[in-house]
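Following: one structure in structure tokens, then a few remarks.
Protein chains: 2
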Amino acid sequence: MNYLLTNIQKVVSLTPQEEELLLSSFEERSVKKKDFLLKEGDISKGLIFVTEGLLRNYSLDKNGFEHVLQFVPPGWWTNDIHSYKTGLPARFFVEAMEDTDYLWIRKKNMEELFIKIPKIERFFRILAENSLVAHQARLISFLSMTAKERYMSFCEQYPSLTDCLPQKQVASYIGVTPEFLSKMLSELKTETKR
Amino acid sequence: MNYLLTNIQKVVSLTPQEEELLLSSFEERSVKKKDFLLKEGDISKGLIFVTEGLLRNYSLDKNGFEHVLQFVPPGWWTNDIHSYKTGLPARFFVEAMEDTDYLWIRKKNMEELFIKIPKIERFFRILAENSLVAHQARLISFLSMTAKERYMSFCEQYPSLTDCLPQKQVASYIGVTPEFLSKMLSELKTETKR
DNA sequence: CGTCTATTTGAATGTACTCAAAAGCGGTGG
DNA sequence: CCACCGCTTTTGAGTACATTCAAATAGACG
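In order, the protein sequences belong to chains A and B.
Take the first sequence: its position 183, counting from 1, is numbered 687 in our numbering, and each next residue is one higher.
Take the second sequence: its position 138, counting from 1, is numbered 642 in our numbering, and each next residue is one higher.
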């Protein structure tokens with residue numbers, strides 16, 4: 505639970521009372537590898553903050569292919585925002601890539617927190633804005649970069665993830681087929697050897 | 505100015521005093537077609553709310569190609585969020601596609617408003633969240649759709665823009681060359697004729 | 001071990017790009 | 001008001017980047 509406080513206090517400072525109210529609004533939960541926290545068609549009823557493990561947030565297209573929207577390591581938040589905000593069915597899946605511990609807060613509690621502690625609403629405003637910046641950068645990468653450039657940019661941005669992720673998942677994130685990523689990698693290797 | 509109030513009151517309600525404070529924090533400004541409101545390398549010092557006309561927010565890649573991040577018709581907000589939040593040089597340009605009127609608020613005034621009227625901070629939290637949802641959808645379109653599908657999805661989503669925008673700009677938004685969009689369109693025409 | 005999934009490799013294909021040239025269109029100045 | 005200039009759009013030929021499909025190999029897990 506302390507991890508959550510540290511995460512939030514980097515942006516806004518809370519009194520001990522506020523900390524207590526905050527923590528009491530969350531539930532500690534765990535899932536096993538390959539479990540789903542959310543499936544397409546479900547209604548997303550709360551927010552997820554990962555403390556241990558790794559999640560992925562992805563969509564399934566009409567041809568049955570998966571597309572990774574986000575990897576969610578400890579210290580990061582996830583859910584299907586659209587479903588959460590509108591109450592409509594989710595378009596994304598949230599699945600555990602490893603055994604994962606997380607904190608969960610129901611929408612109703614979240615809304616109460618915003619009223620009782622405006623600083624929490626500030627925290628989430630800033631969180632959303634930062635996330636927006638990251639999404640914009642990723643969009644620009646699709647508009648202006650080749651697959652190889654997107655791969656290298658991914659490695660720079662998430663060095664810790666690059667190692668522990670199956671290639672297939674990285675391929676899905678940067679928007680290429682696993683076969684093509686494999687070919688790119690063998691090229692990159694022979695390039696550096698020379 | 506009233507347009508701004510209408511826009512905000514759709515999400516949160518304000519008292520007459522709050523309305524007045526809000527409006528007094530903004531400046532009315534105008535630019536001519538082809539003028540820049542922000543250039544790469546500038547520091548983004550405030551937020552822009554368009555009341556009349558049309559802006560575009562784009563980046564320039566290392567080969568000199570433009571990539572449209574956002575079109576900004578009346579009722580929409582824009583700036584370079586990253587630069588605005590960090591004080592670092594902007595990566596994007598904001599340019600007027602037509603003579604445009606807009607409201608402008610300095611960062612310092614914005615921060616004061618957040619303190620004096622928490623509902624305004626709520627409005628911007630929700631604005632950022634909605635924008636995030638839109639960005640996610642666009643990301644998924646690059647991961648899962650062909651150029652033709654992205655084009656059709658763009659037309660559905662922004663019917664009013666489709667007509668008034670030069671093809672070249674639409675091409676830049678959906679991530680293809682103007683030549684390729686032109687070929688796609690002539691194909692689509694012959695398809696519907698049959 | 002055996003099974004299941006991930007990765008590699010190759011050949012054929014397709015989608016989208018580049019470069020070039022011509023045609024169309026809008027704005028501006030004479 | 002027309003002619004010209006610059007920019008956008010169209011069209012075509014050749015090319016490159018990335019996909020599909022198939023088959024072989026390698027790894028991970030029970």
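Even glycine gets a Cβ: it sits at the ideal position worked out from N, Cα and C.
Every value quoted in this text rests on a predicted model; they were computed, and no experiment measured them.
Given the structure, does residue i come close to the ligand GDP, in the sense that its CB is under 6 Å from one of the ligand's heavy atoms?
i      : result
B:N567 : This structure lacks the ligand GDP, and indeed carries no ligand of any kind.
First and last residue of the alpha helix (DSSP H) that includes residue i?
i      : result
A:D605 : Segment T604 to R610 is the beta strand (DSSP E) holding A:D605; no alpha helix (DSSP H) there.
A:N506 : N506 to Q513
B:L647 : P622 to S648
B:L669 : No alpha helix (DSSP H) contains B:L669, which DSSP labels as neither H nor E.
B:K652 : A651 to Q661
Can you find the residues in the same chain that come closer than 8 Å, C-beta to C-beta, to residue i, ignoring five residues on each side of it along the sequence?
i      : result
A:R595 : E544, S563, D584, H586 and S587
B:T523 : For the record, residue 523 of chain B in the displayed sequence is Glu; it is not Thr. Cβ within range, chain order: L509.
A:F618 : I624, E625 and F628
B:R517 : The sequence shown places Ser at residue 517 of chain B, rather than the Arg named in the question. Around B:S517: K623.
A:L527 : M505, L508 and L509
Could you name the residues that DSSP lists as bridge partners for residue i?
i      : result
A:K532 : Going by the sequence as given, residue 532 of chain A is Glu instead of Lys. According to DSSP, A:E532 bridges with A:L607.
A:H571 : A:S563
B:T582 : B:I552
A:E599 : A:F540 and A:R560
B:V516 : Looking at the DSSP assignment, B:V516 forms no beta bridge with any residue, so it has no partner.
Taking the beta strand (DSSP E) that residue i belongs to, which residues open and close that run?
i      : result
B:Y562 : L559 to L564
A:F540 : F540 to L542
How would you list, in chain order, the residues of chain B whose beta-carbon sits under 8 Å from the beta-carbon of residue i?
i      : result
A:I585 : E633, L636, V637 and Q640
Could you give the DSSP three-state label for residue i: helix, strand or coil?
i      : result
B:I552 : strand
B:V680 : coil
A:A594 : coil
Give the interface partners of residue i over in chain A, defined as CB-CB distance under 9 Å, in chain order.
i      : result
B:E625 : P622, E625, R626 and R629
B:D565 : I644, L647, S648 and M649
B:L573 : Q640, L643, I644 and L647
B:K589 : I630, E633, N634 and V637
If the cut is a Cβ gap below 9 Å, which residues of chain B does residue i touch?
i      : result
A:F568 : Residue 568 of chain A is actually Gly in this sequence, not Phe. Residues of chain B passing the Cβ test: none, with the nearest at roughly 11 Å.
Please work out which residues of its chain come closer than 7 Å, Cβ to Cβ, to residue i, disregarding the five sequence neighbours upstream and downstream, and give them in chain order.
i      : result
B:T582 : I552, L559, N561, Q574, V576 and V598
A:S686 : Q671
B:S548 : L542, N583, D584, S587, Y588 and A594
A:R533 : Y606 and W608
A:V637 : none
Can you name the residues of chain A whose CB is closer than 7 Å to the CB of residue i?
i      : result
B:F646 : F646 and G679
Leaving aside the five residues before and after residue i along the sequence, list all residues of the same chain whose C-beta is less than 6 Å from its C-beta, in chain order.
i      : result
A:N613 : S529
B:T507 : As written in the sequence, residue 507 of chain B is Tyr, which differs from the Thr given in the question. Same-chain partners within the cutoff: T555.
A:M688 : K652
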